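Here the working numbering = 1-based position in the sequence shown + 46. Every residue gets a Cβ at the ideal spot worked out from N, C-alpha and C, and that includes glycine. Keep in mind the model is a prediction, meaning the values are calculated, not measured.
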Amino acid sequence: MAPRNVPGTCMLCREPVSRRGALRHVEGCLRSSGWPAGEKPSLIITIQGRHDRSYWLVVLARPDATLEDLDSLIRDVWVECCGHMSAFSIGKESYLSGEDEPGTSMAIPLSGLVPPGSTFSYEYDFGSTTELDLKVIGAIPIMPPEKPICLIARNNPPPFPCDACGNQAEFSLFDDEDGTLRFFCRECLVSAEPDPECTEIIENSPRTGICGYVEDPDAAVYWYPPGWNAEDLASPELEEILKKLPEFDPDDCIYTFEDPPGDGEVQAMMDAVCADIGPEIEAFIADERAAHGEFYGALAGETVMEFCVFTYGLRGKTIREWDARLVRTCLIEEMAQNPIFPEEWLENAVPILCRFLSSMEAAGRLQNAAELIAVLKEAEPAFRAAATSPEKYRDLSGRIFQRALDAGVDPEDERALMNFVQREVVVMAGMDPDDADLIEKIEYLFKDDGIAPNSGDLRVSAILFRCEEFCARLEDGTIPGRCGAIVGDLAAHPAAPLSRGDEDLWSAAVVYAACRDVGLIRPGKGGTPLAREIGSFFDLEPSSVRNKVAALKKYLTGTPGAED
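Here is the structure:
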């Protein structure tokens with residue numbers, strides 16, 4: 047991990063500045079900047095990564111600047127990747143991106159809301175969340191000259207050692223085999239035979255390595271003081287190295303989320319765990335059974351084995367290599383995606399893992415249990431939110447339904463589809479798909495507890511999932527919600543129109559209708575670029591999409607027509 051105390055640069059004078067000395071330095075630079083004075087003071091705000099304080103920004107905000115302006119700066123400079131939602135938490139109130147309702151909208155001035163001395167927080171992406179802490183450290187009667195908020199200081203890129211030689215790394219490489227981010231200097235990069243699509247210049251952002259984040263100098267420079275340009279924020283030399291990387295042979299990739307590990311690979315992961323710490327796990331389970339009873343002993347065994355399979359098999363890290371970032375990522379991004387779990391698991395998973403870490407330290411298998419336990423406890427609310435997120439289940443249902451189609455399962459064959467779903471969720475949960483007792487238990491849950499959706503529910507989820515995939519490329523954050531409303535109305539219609547026809551055609555028609563509803567697609571014989579893009583994305587003729595939109599009129603009141 048990069049060191050915590052990373053120096054920075056003043057964006058006004060371009061001289062070195064430390065995070066602790068930033069207030070005094072920027073106040074001096076602002077007073078000599080020649081920037082206009084204001085009747086009311088502007089706010090000086092620090093922003094830093096919650097889990098890695100090496101990353102920090104200092105911004106100057108006019109008194110009429112809004113949370114929406116601050117959100118835009120944070121997105122453009124630090125976190126924007128896929129148009130995810132974001133939120134500020136101030137006291138007991140939350141302000142959400144894309145909200146229009148008073149009391150929750152970000153369209154509210156900072157002045158009065160966060161006076162000097164105030165602390166508040168920010169989250170971007172409620173799945174793979176980037177969390178930031180903010181503080182108003184001062185006020186000064188000087189205003190940014192061209193925009194409501196201006197970046198006036200930031201950290202220098204934290205140093206990362208090259209994984210191969212230990213020298214200063216300049217590139218990051220996402221390793222598909224274990225799902226981790228690796229770092230290389232320019233000399234060692236080529237010998238690593240990287241996939242150019244997975245290789246990036248190391249980003250100066252707390253979102254480095256998350257959700258395919260890549261810095262955008264053209265967007266970031268907007269928030270810099272006058273005199274900066276995008277070329278100042280990029281390295282042409284490093285970009286040229288990336289361009290010259292040889293083509294990558296994908297045969298080395300084991301699997302992706304869309305191509306999950308097979309039964310043999312899952313078993314190999316479990317074997318690797320057992321070969322390393324099997325006796326210690328068995329001893330821990332025995333202690334849990336003795337202390338909490340048979341049910342919770344079994345729950346502890348499943349929880350610990352699932353966690354270890356993820357860390358050993360997907361992340362390639364034995365227990366001796368576990369660190370705070372790994373266990374937090376595994377908890378929120380892997381464990382929380384468990385598609386099926388008993389009610390007791392949600393409130394007991396983190397306590398079980400904490401006791402397991404203490405047990406492993408007592409057995410001499412790790413030495414940093416206290417640090418890891420603290421991280422797990424801090425991440426528990428985010429874990430619970432991710433585990434019960436409706437978006438998670440829509441995403442999983444859509445993917446499972448698509449896998450079933452790819453595997454040749456007849457979507458109208460309820461029994462065959464449910465058998466496929468049962469096996470998929472067992473594998474995705476990191477459990478043994480050949481465990482007869484486990485399969486029997488899953489079948490019981492599916493039949494008697496109504497956990498599994500029927501084929502119609504899976505079709506609806508798949509249609510909405512494809513809509514959301516397309517909407518990720520749109521700047522209008524209202525479109526996914528409009529798509530969800532249209533799909534919901536169609537799913538609730540007595541005629542069940544979504545149960546028939548091609549799923550992609552339905553998805554394309556829903557997106558088209560939603561975009562037409564807000565004026566993004568206008569009438570005209572040739573259509574619009576967005577209409578053509580919808581057809582291209584779903585691999586459909588625009589005329590077919592328009593005809594399907596016309597069919598929506600039979601089921602929905604007030605849906606846009608098809609003529610364009």
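Quiz item: For G84, which residues from the same chain have a beta carbon less than 8 Å from its beta carbon, with the 5 sequence-adjacent residues on both sides left out?
Solution: Within the sequence shown, the letter at position 38 stands for residue 84. So the list reads R108, P109, P187, I188 and M189, once near-sequence residues are dropped.
Exercise. Grab me the residues of P53's own chain with a C-beta within less than 7 Å of its C-beta, minus the 5 sequence neighbours each way, in chain order.
Key: By 1-based counting over the sequence shown, the position of residue 53 is 7. So the qualifying residues of the chain are P62, S64 and N202.
Quiz item: Within the chosen definition, does the segment 72-81 reach the segment 123-137 through at least 3 CB pairs nearer than 8 Å?
Solution: A contact is defined here as three or more CB-CB pairs under 8 Å, and the segment 72-81 fails this definition with respect to the segment 123-137.
Exercise. With DSSP as the reference, label K599 as helix, strand or coil.
Key: Along the sequence shown, read from residue 1 onward, the residue named residue 599 stands at position 553. Note: K599 maps to coil in three-state DSSP.
Exercise. Alpha carbon to alpha carbon, how far is L536 from V591? Give it in angstroms, no decimals.
Key: Within the sequence shown, numbered from 1, the residue matching residue 591 stands at position 545. Within the sequence shown, numbered from 1, the residue matching residue 536 stands at position 490. V591 and L536: Cα-Cα distance of roughly 16 Å.
Exercise. Give me the Cα-Cα distance between F402 and V350, rounded to the nearest whole angstrom.
Key: In the sequence shown, the residue the question calls residue 402 occupies position 356. In the sequence shown, the residue the question calls residue 350 occupies position 304. So the alpha carbons of these two residues sit roughly 7 Å apart.
Quiz item: Fully enclosed by the segment 255-291, which alpha helix (DSSP H) runs are 4 residues long or longer?
Solution: Listed in chain order, they are 263-266, 276-279 and 282-289.
Exercise. Check whether the Cβ atoms of S404 and E326 sit closer than 9 Å, and answer yes or no.
Key: Residue numbering aside, residue 404 sits at position 358 when the sequence shown is read from its first letter. Residue numbering aside, residue 326 sits at position 280 when the sequence shown is read from its first letter. It is not a contact, given that the beta carbons lie outside the stated cut-off.
Self-check item: Local Cβ density within 10 Å of G359, reported as buried at 16 or more and exposed below that
Solution: Residue mapping note: residue 359 aligns to position 313 of the sequence shown, counting from 1. By the 10 Å Cβ count, G359 comes out buried.
Practice problem: Provide the residue span of the beta strand (DSSP E) that contains C196, from first to last. | Solution: Residue numbering aside, residue 196 sits at position 150 when the sequence shown is read from its first letter. Note, C196: beta strand (DSSP E), I195 to N201.
Quiz item: Should K363 go down as buried or exposed, given a rule of 16 or more other Cβ atoms within 10 Å for buried?
Solution: Your numbering for residue 363 matches position 317 in the sequence shown. With a 10 Å radius around the Cβ and a threshold of 16 neighbouring Cβ atoms, K363 comes out buried.
Practice problem: Would you kindly work out how many angstroms separate the C-alpha atoms of Y270 and Y170, rounded to a whole number? | Solution: As a first step, residue 270 must be located in the sequence shown, where it is residue number 224. As a first step, residue 170 must be located in the sequence shown, where it is residue number 124. Their backbone Cα atoms lie some 21 Å apart in a straight line.
Exercise. Go through its chain and collect everything with a Cβ distance to L119's Cβ below 6 Å, but skip five positions before and after it.
Key: Counting from one through the sequence shown, the residue named residue 119 turns up at place 73. For L119, where only same-chain residues beyond five positions count, the Cβ hits under 6 Å are I195 and W269.
Quiz item: Using a Cβ-Cβ cut-off of 7 Å (strictly less than) and excluding sequence neighbours within five positions of L544, which residues of its own chain qualify?
Solution: For this step, residue 544 is matched to residue 498 along the sequence shown. So the list reads R505, V506, I509, L536, A537 and W552, once near-sequence residues are dropped.
Self-check item: Where R519 falls, given that 16 or more other Cβ within 10 Å makes a residue buried
Solution: Along the sequence shown, one-based indexing puts residue 519 at 473. Burial is judged here by how many other beta carbons sit within 10 angstroms of a residue's own beta carbon; R519 has fewer than 16 and is exposed.
Quiz item: Apart from the five residues on each side of it in sequence, which residues of its chain come closer than 7 Å, Cβ to Cβ, to P161?
Solution: As a first step, residue 161 is located in the sequence shown; it is residue number 115 there, counting from the start. Taken in chain order, the residues that qualify are V182.
Exercise. Indicate whether S140 and C257 have their beta-carbon atoms separated by less than 9 Å.
Key: Position 94 of the sequence shown, counted from the start, is the residue given in the question as residue 140. Position 211 of the sequence shown, counted from the start, is the residue given in the question as residue 257. The answer is no: Cβ separation not under 9 Å.
Quiz prompt | Residues bridged to A83 [DSSP beta-bridge criterion] | solution = In the sequence shown, the residue the question calls residue 83 occupies position 37. Answer is I188, bridged to A83.
Exercise. Pull up the distance between the alpha-carbon of R99 and that of N465, whole angstroms please.
Key: Residue mapping note: residue 99 aligns to position 53 of the sequence shown, counting from 1. Residue mapping note: residue 465 aligns to position 419 of the sequence shown, counting from 1. Cα-Cα distance, rounded: 47 Å.
Quiz prompt | V396 versus L422 - alpha carbon distance | solution = Position 350 of the sequence shown, counting from 1, holds the residue named residue 396. Position 376 of the sequence shown, counting from 1, holds the residue named residue 422. Cα to Cα, the separation comes out at about 7 Å.
Quiz item: Which of the three DSSP states, helix, strand or coil, is assigned to C211?
Solution: Here residue 211 is taken as the residue at index 165 of the sequence shown, counted from 1. Reduced to three states, the DSSP call for C211 is coil.
Quiz item: Does the distance from the CB of V123 to the CB of L103 come in under 9 Å?
Solution: For the purposes of this step, residue 123 is taken as the residue at position 77 of the sequence shown. For the purposes of this step, residue 103 is taken as the residue at position 57 of the sequence shown. Cβ distance < 9 Å, so V123 and L103 count as in contact.
Quiz prompt | Supposed close pair L178, S164 - CB separation, criterion 8 Å | solution = Here residue 178 corresponds to residue number 132 of the sequence shown, with the count starting at 1. Here residue 164 corresponds to residue number 118 of the sequence shown, with the count starting at 1. With 8 Å as the limit, L178 and S164 do not qualify as a contact, their Cβ atoms being about 14 Å apart.
Self-check item: Residue interval of the alpha helix (DSSP H) (run including T349)
Solution: On the sequence shown, position 303 is the one that residue 349 refers to. Counting along the chain, T349 sits inside the alpha helix (DSSP H) bounded by residues E340 to V355.
Practice problem: Keeping to the same chain, check which residues put their C-beta closer than 8 Å to that of D333; ignore five residues upstream and five downstream. | Solution: Here residue 333 refers to the residue found at position 287 of the sequence shown. By the criterion of a C-beta distance shorter than 8 Å, D333 is surrounded in its chain by S405, once the five residues flanking it on both sides are discounted.
Practice problem: Identify, in the order they occur along the chain, each residue of the same chain with its Cβ nearer than 7 Å to the Cβ of A428, setting aside the five sequence neighbours on each side. | Solution: Along the sequence shown, one-based indexing puts residue 428 at 382. Cβ-Cβ distances below 7 Å link A428 to T175 and I378 in the same chain, with the five nearest sequence neighbours on each side left out; the list follows chain order.
Quiz prompt | Bridge partner(s) assigned by DSSP for V182 | solution = For this step, residue 182 is matched to residue 136 along the sequence shown. Beta-bridge pairing links V182 to I91.
Quiz prompt | Pairwise C-alpha distance: S582 and A597 | solution = In the sequence shown, the residue the question calls residue 597 occupies position 551. In the sequence shown, the residue the question calls residue 582 occupies position 536. Those two C-alpha atoms are separated by around 20 Å.
Practice problem: Report back the beta-carbon spacing between V556 and I532 to the nearest angstrom; my notes put them in contact at under 8 Å. | Solution: Numbered from 1 along the sequence shown, position 510 holds the residue referred to as residue 556. Numbered from 1 along the sequence shown, position 486 holds the residue referred to as residue 532. Contact holds; Cβ gap of about 5 Å.
Quiz item: Run through DSSP, which three-state label would L76 get?
Solution: Taking the sequence shown and counting its residues from 1, one reaches residue 76 at position 30. If DSSP states are grouped into helix, strand and coil, L76 belongs with the helices.
Quiz item: Between G255 and L227, is the Cβ-Cβ spacing less than 9 Å?
Solution: Residue mapping note: residue 255 aligns to position 209 of the sequence shown, counting from 1. Residue mapping note: residue 227 aligns to position 181 of the sequence shown, counting from 1. For G255 and L227, yes; Cβs fall inside 9 Å.
Practice problem: May I ask you to check if the CB of A83 is nearer than 8 Å to at least one heavy atom of the ligand COA? | Solution: In terms of ligand content, the structure shown is empty, and the ligand COA therefore cannot be addressed.
Quiz prompt | In DSSP terms, what W102 is bridged to | solution = Residue 102 sits at position 56 when you count from the first residue of the sequence shown. According to DSSP, W102 bridges with Q94.
Quiz item: How should V595 be labelled, buried or exposed, when 16 other C-beta atoms within 10 angstroms of its C-beta is the threshold for buried?
Solution: For this step, residue 595 is matched to residue 549 along the sequence shown. By the 10 Å Cβ count, V595 comes out buried.
Quiz item: If you count every other CB in all the chains shown that lies within 10 Å of the CB of N384, and 16 or more means buried, which is it?
Solution: One-based indexing of the sequence shown puts residue 384 at position 338. Buried is the call here.
Quiz item: Which partner residues does I136 have in the DSSP bridge list?
Solution: By one-based count along the sequence shown, residue 136 stands at place 90. Bridge partners of I136: E139.
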